[in-house]
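Enquirer:
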Amino acid sequence: MGSDCLFCRIVAGEIPATVVRETPRTLAFRDIAPKAPVHVLVIPKEHYADVATLAEGDPALAGEVLATAAAVAEDEGLLGDGFRLMFNTGAYGGQEVFHVHGHLFGGAPLGPMLARDLA
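In UniProt numbering, the protein residues as written are 1 to 119.
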């Protein structure tokens with residue numbers, strides 16, 4: 001992707017990030033505005049706009065993103081009490097950066113999945 005993608009620029013080392021885990025094809029780093037005691041973003045280094053595009057384009061890489069998230073959860077001590085892994089996709093899903101990323105939340109009770117009842 002071009003230089004306008006924030007996460008591609010982090011992968012390229014142009015923008016600093018607090019990296020907690022890196023593999024040849026994935027990167028995990030702390031969110032700059034955490035919503036929980038542990039809030040880590042897990043991304044593929046290759047640019048895919050969202051999780052659906054990633055799953056269709058490279059299912060093996062999608063699996064690597066999940067494996068990296070699980071490894072970070074273990075590293076952060078989240079396996080015992082649990083954690084949440086969330087991928088926002090599109091406008092209705094609340095996606096703000098259009099480079100697929102999973103939000104790994106934990107370290108405290110997280111409450112309901114949605115802030116309000118939409119049904």
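All residues carry an ideal CB built from backbone N, CA and C; glycine is no exception. Keep in mind it's a predicted model, so treat the numbers as computed, not measured.
1) Can you list, in chain order, the residues of its chain whose CB lies under 7 Å from that of K45, leaving out five sequence neighbours each side?
2) Does the count of Cβ pairs from the segment 87-94 and the segment 70-77 closer than 8 Å reach three?
3) How far does the beta strand (DSSP E) with T26 in it extend, from its first residue to its last?
4) Pull the bridge partners of R9 from the DSSP assignment, please.
5) Quick one: any contact between the segment 48-63 and the segment 97-104, if contact means 3 or more CB pairs under 8 Å?
Expert: Quick look at the numbers:
1) V11, R25, T26 and L27
2) no
3) T26 to R30
4) Bridge partners of R9: none, in fact.
5) yes
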